[in-house]
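This report refers to the structure that appears directly beneath it.
Chains as they are written, first to last, in the numbering used here: chain E, 8 to 321; chain G, 618 to 940.
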């Protein structure tokens with residue numbers, strides 16, 4: 008075995024059904040799978056169980072698909088239902104509001120950081136965590152209590168299909184995960200191909216007004232806007248969001264402002280905002296749907312809706 | 618540097634010019650000048666509606682916080698005192714966070730709630746500090762400020778834990794403080810509400826000097842220490858409340874500027890307070906100009922700049938004095 012596999016060999020040696028010398032081929036196949044898993048893209052299946060490497064670089068093994076899963080972010084909860092694994096959920100955060108069935112899953116409180124005791128009270132065999140420095144300690148404690156833990160990056164549209172493929176096999180829904188991911192990738196690809204780039208409207212996505220905070224290129228919301236044929240006026244900001252001045256907003260000449268409030272937002276009534284023509288002329292697009300708050304399988308539908316709204320606003 | 622006024626006027630002028638000249642967009646000085654004189658010029662909206670009111674708000678808030686700090690340091694006779702030591706920022710934060718969490722959509726909802734919270738804290742701390750109902754004890758005042766502030770911040774944390782996650786994040790931004798609310802309306806508000814306590818303090822500056830000698834001494838020299846203390850406390854409290862309501866808790870101006878001015882030109886309040894006002898105003902306007910132009914389009918919280926610029930300057934001043 009070549010050197011890149013040496014790390015994986017260690018990994019395989021712990022797997023039951025490998026390392027008994029019966030078949031070099033099987034070991035090689037397992038090594039290849041483990042390597043794939045190490046890239047964080049796929050869940051590997053070996054004769055002895057499931058191996059996955061999460062976004063924190065931690066390897067998780069399950070002898071059989073998990074049957075008691077606590078999902079500690081609204082995005083993973085929605086994903087679980089989308090791949091048909093809703094029934095194995097035994098815990099969700101208080102922010103998990105989609106689909107409606109999610110409300111029937113026991114509420115274990117916050118997700119960043121979670122309440123260790125209320126999560127463990129559900130006796131989970133798998134915990135899905137949003138990857139954040141604030142969750143590192145919780146991940147360790149859940150593992151100590153015997154649960155498998157995945158720390159997941161869920162920040163971009165591409166994460167939805169990637170994580171569908173990663174998580175689905177662990178809950179016995181590999182086929183559904185794969186088909187969701189394939190369909191999602193196809194739709195997003197198609198949307199990207201049919202994007203109208205000639206009339207891209209300059210759009211500002213306002214996240215907050217006191218102080219003014221805007222969405223930058225690092226957010227999936229900016230990705231949705233781009234796919235819908237809009238141009239994020241703050242796409243040079245690589246972070247998901249940033250505090251900027253009204254002057255900076257005025258200088259970018261947004262034609263349309265995407266806001267989450269309904270009605271004319273409060274800040275539009277403040278005199279200093281009149282410097283921004285789109286505020287003065289009330290060119291607001293209300294995009295209050297909660298689906299806009301997280302990357303989800305609903306993204307393609309959202310892109311189409313925003314495309315229509317932008318076309319109507321033009 | 619014997620005569621302070623040329624220096625302070627120069628600082629004021631330089632800060633006002635730089636405050637108008639720097640920003641997220643690059644506007645040549647000639648265009649700014651034109652924008653100031655001619656309402657139909659290209660740069661006029663940005664210069665007249667954004668930069669000028671923001672610079673003026675920064676000057677008034679910086680000056681107010683610095684005067685407030687100077688008076689409180691004399692009042693509680695503690696060099697560590699700053700405008701926020703008496704719990705006013707805690708009360709303002711509580712008011713603002715409660716308004717943000719309640720989803721108040723009125724454009725003036727947050728500053729108004731912050732002001733109400735600040736004034737409420739002011740009254741509460743004042744009542745707690747009146748020993749036996751009549752004497753204002755500086756030690757108790759400090760203690761009451763810390764206690765009330767802790768109580769307010771505990772309520773803030775509780776609210777933040779119980780409301781929507783995005784609102785939590787946004788409330789934290791408010792708590793960092795900044796001059797992004799600069800408009801003619803906020804300038805008018807600060808000028809209207811801040812001028813009364815400011816004038817009261819300037820007029821009573823001599824009494825503050827007497828108080829610095831000790832309460833017994835002050836009484837012998839004809840001042841009524843109780844009255845002076847109450848007036849000083851209520852005036853600084855009100856001044857801080859106005860500043861915090863429009864700009865959040867901007868740190869270091871109220872702590873550093875009075876010390877720096879005292880080290881440079883001595884402690885007598887009659888000259889100290891106007892000097893501190895000019896120095897505090899100029900300092901905050903400069904810090905804000907840096908904060909909004911150093912990494913455009915992103916704006917740094919101005920409190921970060923006041924600390925990064927103010928602390929080394931202060932350290933230098935301390936060292937020079939010792940040498």
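Cβ coordinates follow ideal geometry from the N, Cα and C atoms, glycine included.
Everything numeric in this text was worked out from a predicted model, so none of it was measured.
Proximal residues of chain E, C-beta to C-beta of residue i below 9 angstroms
i                     : result
residue 863 (chain G) : Those within 9 angstroms of residue 863 (chain G) in chain E number zero; the least Cβ separation is about 11 angstroms.
residue 696 (chain G) : Chain E residues near residue 696 (chain G): none, gap ~32 angstroms exceeds 9 angstroms.
C-beta neighbour in chain G for residue i, strict 7 angstroms
i                     : result
residue 255 (chain E) : yes
residue 252 (chain E) : yes
residue 273 (chain E) : yes
residue 218 (chain E) : yes
residue 97 (chain E)  : no
residue 258 (chain E) : yes
residue 282 (chain E) : yes
residue 39 (chain E)  : With a pLDDT of only 48 at residue 39 (chain E), under the threshold of 50, the placement of this residue in the model should not be trusted; the figure read from the coordinates follows. Closer than 7 angstroms: no.
Classification of residue i by the beta-carbon crowding that lies within 10 angstroms, buried from 16 upward
i                     : result
residue 110 (chain E) : exposed
residue 34 (chain E)  : Per-residue confidence for residue 34 (chain E) stands at a pLDDT of 48, beneath the threshold of 50, marking its modelled position as unreliable; the derived number appears in the next sentence. Per the 10 Å Cβ criterion, buried.
residue 622 (chain G) : exposed
residue 226 (chain E) : buried
residue 85 (chain E)  : buried
residue 841 (chain G) : exposed
residue 228 (chain E) : buried
residue 309 (chain E) : buried
residue 930 (chain G) : exposed
residue 833 (chain G) : exposed
residue 805 (chain G) : exposed
residue 44 (chain E)  : Note that residue 44 (chain E) has pLDDT 44, beneath the 50 cutoff, so the model's placement of it is unreliable and no number is given.
residue 831 (chain G) : exposed
residue 799 (chain G) : buried
residue 861 (chain G) : buried
Contacts that residue i makes with chain G (C-beta to C-beta distance below 9 angstroms)
i                     : result
residue 227 (chain E) : The contacting residues do not exist; residue 227 (chain E) stays about 14 angstroms from chain G at best.
Contacts of residue i in chain E (Cβ-Cβ under 8 angstroms)
i                     : result
residue 800 (chain G) : 277, 278 and 279
residue 670 (chain G) : 279
Member of the options whose CA lies at the smallest distance from the CA of residue i
i                     : options                       : result
residue 212 (chain E) : E:238, E:173 and E:234        : E:238
residue 894 (chain G) : G:802, G:926, G:675 and G:927 : G:675
residue 3 (chain E)   : E:265, E:106 and E:234        : This structure cannot speak to residue 3 (chain E), because chain E is shown only from 8 to 321.
residue 178 (chain E) : E:137, E:155, E:278 and E:214 : E:155
residue 92 (chain E)  : E:243, E:75 and E:282         : E:75
residue 809 (chain G) : G:796, G:798, G:855 and G:788 : G:855
residue 148 (chain E) : E:125, E:180 and E:203        : E:125
residue 193 (chain E) : E:277, E:69 and E:304         : E:304
residue 191 (chain E) : E:72, E:320, E:306 and E:56   : E:306
residue 791 (chain G) : G:664, G:651, G:630 and G:715 : G:715
Within-7 angstroms CB hit, residue i to chain E
i                     : result
residue 773 (chain G) : no
residue 784 (chain G) : no
residue 809 (chain G) : no
residue 643 (chain G) : no
residue 665 (chain G) : no
residue 640 (chain G) : yes
residue 724 (chain G) : yes
residue 624 (chain G) : no
residue 795 (chain G) : yes
residue 842 (chain G) : no
residue 909 (chain G) : yes
residue 662 (chain G) : yes
residue 727 (chain G) : yes
residue 620 (chain G) : no
Residues that residue i contacts on chain G, provided the C-beta gap is smaller than 8 angstroms
i                     : result
residue 70 (chain E)  : Those within 8 angstroms of residue 70 (chain E) in chain G number zero; the least Cβ separation is about 35 angstroms.
residue 161 (chain E) : Under the 8 angstroms cutoff, chain G gives no residues; its nearest Cβ is about 14 angstroms from residue 161 (chain E).
Interface partners of residue i on chain E, CB under 7 angstroms
i                     : result
residue 915 (chain G) : 244, 249, 250 and 251
residue 740 (chain G) : Going along chain E, no residue has its Cβ under 7 angstroms from residue 740 (chain G), so there is no contact; the nearest lies around 26 angstroms.
residue 650 (chain G) : Within 7 angstroms Cβ-Cβ: nothing; residue 650 (chain G) doesn't reach chain E, min ~17 angstroms.
residue 791 (chain G) : 217
Which residues DSSP lists as bridging residue i, in chain order
i                     : result
residue 99 (chain E)  : E:78 and E:114
residue 248 (chain E) : E:222
residue 158 (chain E) : E:136
residue 208 (chain E) : E:237
residue 291 (chain E) : E:264
Amino acids of chain A, ordered along the chain, whose beta-carbon sits closer than 9 angstroms to that of residue i
i                     : result
residue 241 (chain E) : You won't find chain A in this structure, because its protein chains are E and G.
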